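K.L.:
Pasting in a structure now, in structure tokens, and then I'll have a few things to ask.
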Amino acid sequence: MSIEHLSDVPNPWKGFTMNRCLVLALVVLLISLWDNFMGWWGTEELGAIRRRKKPIGNKSILKPKP
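At position 14 of the sequence shown (counting the first as 1) the number is 14 in full-length UniProt numbering, and the numbers step up by one without a gap.
The structure is reproduced here in structure tokens:
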């Protein structure tokens, strides 16, 4: 079987451009890191809430002034 033109060879990657490759790589990266990122985000938020509720000296932030 002899091939005269390169266009005669079937190419399954014809429509897969560099931009699509980069987008696909970013999507895979985001999906793989999503659990780690969301876990980090949640712990930071809870830590900030805990810090706000800590009393300052004798006073608590949540106590109303008399």
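Positions of the beta carbon are idealized from the N, C-alpha and C atoms, including for glycine. Computed from a prediction, not measured in an experiment: that's the story for all the values here.
Let me see if you follow: with CB-CB separation under 9 Å, is Leu29 close to chain B or not?
P.N.:
Absent from the structure: chain B. Only one protein chain is present.
K.L.:
Mapping DSSP to helix, strand and coil, what is Trp34?
P.N.:
Position 34 of the sequence shown, counted from the start, is the residue given in the question as residue 34. Of the three classes helix, strand and coil, the one that applies to Trp34 here is helix, per DSSP.
K.L.:
Consult DSSP for residue 72 and reduce its assignment to one of helix, strand or coil.
P.N.:
Only positions 1 to 66 of the chain appear in the structure, and residue 72 is not among them; the question remains open.
K.L.:
For Arg20 and Val9, what's the separation of their Cα atoms in angstroms?
P.N.:
The residue you call residue 20 lines up with position 20 of the sequence shown. The residue you call residue 9 lines up with position 9 of the sequence shown. Cα to Cα, the separation comes out at about 22 Å.
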